[in-house]
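Trainee: Quick note: the sequence shown uses my numbering, first residue 6, plus one each step. Quick one: the structure is below, questions incoming.
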Amino acid sequence: MAEPLAYEGTGYEVVEGEPPELLGRNLVSASYLLAGATAFFFIAFVFAYFYLRSLNNGGMWKPKGVDASIAWGTVVVACYAASAVLVRFGFADHRAEKRPAWRLKGLVALLVGVAGLVLQVFAWTHEGFGPADGGFASVYFGWTAFLFLFVLVTLLWLEMTLATSIRYRKTETGAPPPGHASGDPHRTAHDIRDPLSLVRAELGALSFYWTFLAGIAVISWIVLYLI
């Protein structure tokens, strides 16, 4: 049987000081895996759209009056895309050590993304049909609802990354007080050396995923509103 890495009462110095580069690489790899999983998730809606459209059972694929508003859809997706672009530029600023510029872009990106979510809710309430009004209506509401959920979680990720960067912006040592990184106030050192250095890795992972998700939003706009 393998020996455990730590026992009850093991000194903190045994488990502290993990190189930040390790978790940084893990964050980037996780964003790639998350993007892949997201792509497979939304492929189901692409399949449903074209499959139900080809069947058109009883002419109920898209009955008269079931037309999603191109204006609402365009504004919503434009907000998502603008937010993703701002995060991308913010990441470039962070890499160039222009951290105040990144925080400003990150805040604007968060507000623009939230505006897109609010506008999506308005779009749902102003459509002249419901999810039970044919195949297109079901796909439309299902697709946009799950996209809404994915965007919401991504914006929460952005908010947490931005909050961490703002909270410790005046820390002279470049690291939060001991225990903050682990959530254990009794620790005398960090689990990860220089935990604030992970902000850049997290921002890079977030930038990649948000750009990818915005691309899916653009595809959804083309399929649901233009085709």
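Beta carbons: idealized from backbone N, C-alpha and C, even for Gly.
(1) Looking at the unbroken alpha helix (DSSP H) that takes in glycine 209, where does it start and where does it end?
(2) Are alanine 120 and leucine 91 touching if we call contact CB-CB under 8 Å?
(3) Where alanine 137 and valine 51 are concerned, what is the direct C-alpha to C-alpha distance, given to the nearest angstrom?
(4) Exposed or buried, lysine 59, counting other C-beta atoms within 10 Å across all chains shown (16 or more means buried)?
(5) According to DSSP, is serine 74 helix, strand or coil?
(6) Using the beta-carbon count (16 or more within 10 Å), is glutamate 177 buried or exposed?
(7) What number of angstroms, rounded off, separates the C-alpha of glycine 95 from the C-alpha of phenylalanine 134?
(8) Near isoleucine 48, which residues of its chain fall below 7 Å by C-beta distance, leaving aside the five closest residues on each side in sequence?
(9) Using 8 Å as the threshold, is the segment 204-221 in touch with the segment 93-110, meaning 3 or more CB pairs across them?
(10) Work out the CA separation of arginine 174 and isoleucine 75 for me, nearest whole Å.
(11) For the alpha helix (DSSP H) holding phenylalanine 151, just list the boundary residues, first then last.
(12) Taking only three categories from DSSP, how would you classify glutamate 132?
(13) From Trp66, Asn62, Asn31 and Ile224, pick the residue whose C-alpha is nearest to that of valine 144; which is it?
(14) Quick check on DSSP: helix, strand or coil for isoleucine 48?
(15) Report the rounded CA-to-CA distance for glycine 29 versus phenylalanine 151, giving the unit in angstroms.
(16) Quick check: the Cα distance between valine 158 and arginine 205, rounded to an integer number of angstroms?
Mentor: Let me lay it out:
(1) Position 204 of the sequence shown, counting from 1, holds the residue named residue 209. Looking at the DSSP string, the run of the alpha helix (DSSP H) that includes glycine 209 is 203-226.
(2) Residue mapping note: residue 120 aligns to position 115 of the sequence shown, counting from 1. Residue mapping note: residue 91 aligns to position 86 of the sequence shown, counting from 1. When the beta-carbon positions are compared, alanine 120 and leucine 91 stay at least 8 Å from each other.
(3) For this step, residue 137 is matched to residue 132 along the sequence shown. For this step, residue 51 is matched to residue 46 along the sequence shown. Cα-Cα distance, rounded: 18 Å.
(4) Walking along the sequence shown from the start, residue 59 turns up at place 54. In the sequence on display, residue 59 carries serine and not lysine. Burial is judged here by how many other beta carbons sit within 10 angstroms of a residue's own beta carbon; serine 59 has fewer than 16 and is exposed.
(5) Counting from 1 along the sequence shown, the entry for residue 74 is found at position 69. Correct three-state label for serine 74: coil.
(6) Here residue 177 is taken as the residue at index 172 of the sequence shown, counted from 1. Note that glutamate 177 scores 45 on pLDDT, short of 50, meaning its location in the model is unreliable and no value can be drawn from it.
(7) Stepping through the sequence shown from its first residue, residue 95 is reached at position 90. Stepping through the sequence shown from its first residue, residue 134 is reached at position 129. In a straight line, the C-alpha of glycine 95 is about 39 Å away from that of phenylalanine 134.
(8) Residue 48 sits at position 43 when you count from the first residue of the sequence shown. There are no such residues.
(9) yes
(10) Numbered from its first residue, the sequence shown carries residue 75 at position 70. Numbered from its first residue, the sequence shown carries residue 174 at position 169. Going from the Cα of isoleucine 75 to the Cα of arginine 174 covers about 42 Å.
(11) Locating residue 151 in the sequence shown gives position 146, counting from the first residue. 140-172 is the span of the alpha helix (DSSP H), which, as asked, contains phenylalanine 151.
(12) Here residue 132 refers to the residue found at position 127 of the sequence shown. Coil.
(13) In the sequence shown, counting from the first residue as 1, residue 144 sits at position 139. Checked all of Trp66, Asn62, Asn31 and Ile224; the closest Cα to valine 144 is Trp66.
(14) Start at 1 with the first residue of the sequence shown, and residue 48 comes out as number 43. Of the three classes helix, strand and coil, the one that applies to isoleucine 48 here is helix, per DSSP.
(15) In the sequence shown, counting from the first residue as 1, residue 29 sits at position 24. In the sequence shown, counting from the first residue as 1, residue 151 sits at position 146. Roughly 28 Å between the two C-alpha positions.
(16) One-based indexing of the sequence shown puts residue 158 at position 153. One-based indexing of the sequence shown puts residue 205 at position 200. If I take the Cα positions, the gap works out to 19 Å.
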